[in-house]
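Numbering (the UniProt record's numbering), first residue to last: 1 to 283.
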Ligand code: NAP
């Protein structure tokens with residue numbers, strides 16, 4: 001059986017190439033898609049992520065409004081900032097970089113984002129709509145995982161997908177998206193017992209744990225498809241790539257797998273939102 005390295009850079013390029021055309025078309029109608037990013041505090045990784053997202057916008061002609069608030073910012077001030085962006089018709093997407101400093105009520109801040117501008121799927125309404133299978137923008141990493149699966153024509157229907165992780169932005173929504181595509185889904189977490197035995201049953205493994213090299217080679221069934229959403233210090237995924245490569249039929253590398261597609265999904269959702277603001281049906 002031929003082994004496939006699931007090339008996130010390739011999938012991301014395909015998405016951004018079509019987005020460039022859509023951005024040009026929107027601009028000819030007088031609209032420049034705009035993503036507002038909000039960073040609170042000085043966490044260096046968060047600063048890098050926000051910078052990467054802003055630069056990716058600008059590369060394809062999306063405007064990027066970067067708001068950087070000091071780490072002492074109170075919840076009230078952050079809510080006011082979000083409200084202003086909600087009311088501004090020139091802003092199509094709002095991204096609040098997670099995590100915010102611990103004194104801020106992050107959930108309240110996420111919930112304040114207008115559902116029409118929730119391009120990163122962080123509101124409970126966005127999550128609910130994703131789970132129901134209609135409407136809005138799923139979180140970008142789950143959307144990226146589904147996009148990679150679609151690009152490589154990986155069969156989901158009837159397959160057993162095992163997701164390791166249940167965070168509101170990753171494990172839970174990707175479980176819902178796989179379920180909506182008729183996978184039989186097992187969602188694992190830190191209280192799961194016999195994790196290796198469960199992973200061994202998986203046709204599709206999604207790693208979303210936040211622990212470097214956590215998924216071991218001998219946990220993986222021969223022929224399984226492995227999607228590694230993990231991104232840990234030193235560009236290391238949640239999957240022990242070398243060890244899992246052996247049994248996998250297809251696997252995402254880190255870096256160059258889920259990460260680049262996540263950013264392109266954020267751009268796509270922003271362009272979708274700009275088109276919707278003009279009542280143009282999105283692709
Ligand atoms: P998170 O909020 O920390 O969630 C981690 C999940 O893993 C939790 O549900 C936790 O279970 C579970 N877990 C922890 N230890 C476990 C264990 N020993 N066995 C089984 N499950 C365990 O992390 P996240 O935000 O979802 O991110 C996960 C990974 O994806 C990180 O590496 C992050 O950097 C990466 N990520 C990548 C992108 C991208 O663009 N590629 C975007 C977002 C995140 P409990 O719920 O029981 O605590």
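Beta carbons: idealized from backbone N, C-alpha and C, even for Gly.
For residue 201, the number of other beta carbons within 10 angstroms of its own is below 16, and it is reported as exposed. Classified as exposed, residue 191 has fewer than 16 neighbouring CB atoms from the shown chains inside 10 Å of its CB.
Taking 8 angstroms as the cut-off, the C-beta of residue 191 counts as close to a heavy atom of ligand 1. In terms of side-chain proximity, the C-beta atom of residue 170 is found nearer than 8 angstroms to a non-hydrogen atom of ligand 1. Shown here, residue 129 sits in a helix according to DSSP, grouped into three states. Among the bridge pairs identified by DSSP, residue 216 is matched with none. Around the C-beta of residue 268, 16 or more other C-beta atoms lie within 10 Å, and the residue is accordingly described as buried. Burial is judged here by how many other beta carbons sit within 10 angstroms of a residue's own beta carbon; residue 147 has at least 16 and is buried. Distances taken from the Cβ of residue 57 to the heavy atoms of ligand 1 include none shorter than 8 angstroms. A distance criterion of 8 angstroms places the beta-carbon of residue 230 in contact range of ligand 1, judged by its closest non-hydrogen atom. Rounded to whole angstroms, the separation of the alpha carbons of residue 28 and residue 209 is 43 angstroms.
If you compare the alpha carbons of 184, 43, 195, 95 with that of residue 157, the shortest gap goes to 184. Here residue 119 carries a coil assignment [DSSP, helix/strand/coil]. For residue 210, DSSP records no beta bridge to any residue. For the set 152, 119, 45, the Cα lying nearest the Cα of residue 34 is the one of 119. Look at residue 100 here: in three-state DSSP terms it is coil, with no helix or strand label.
Taking each of 106, 250, 277 in turn and checking the Cα distance to residue 3, the smallest one comes out for 250.
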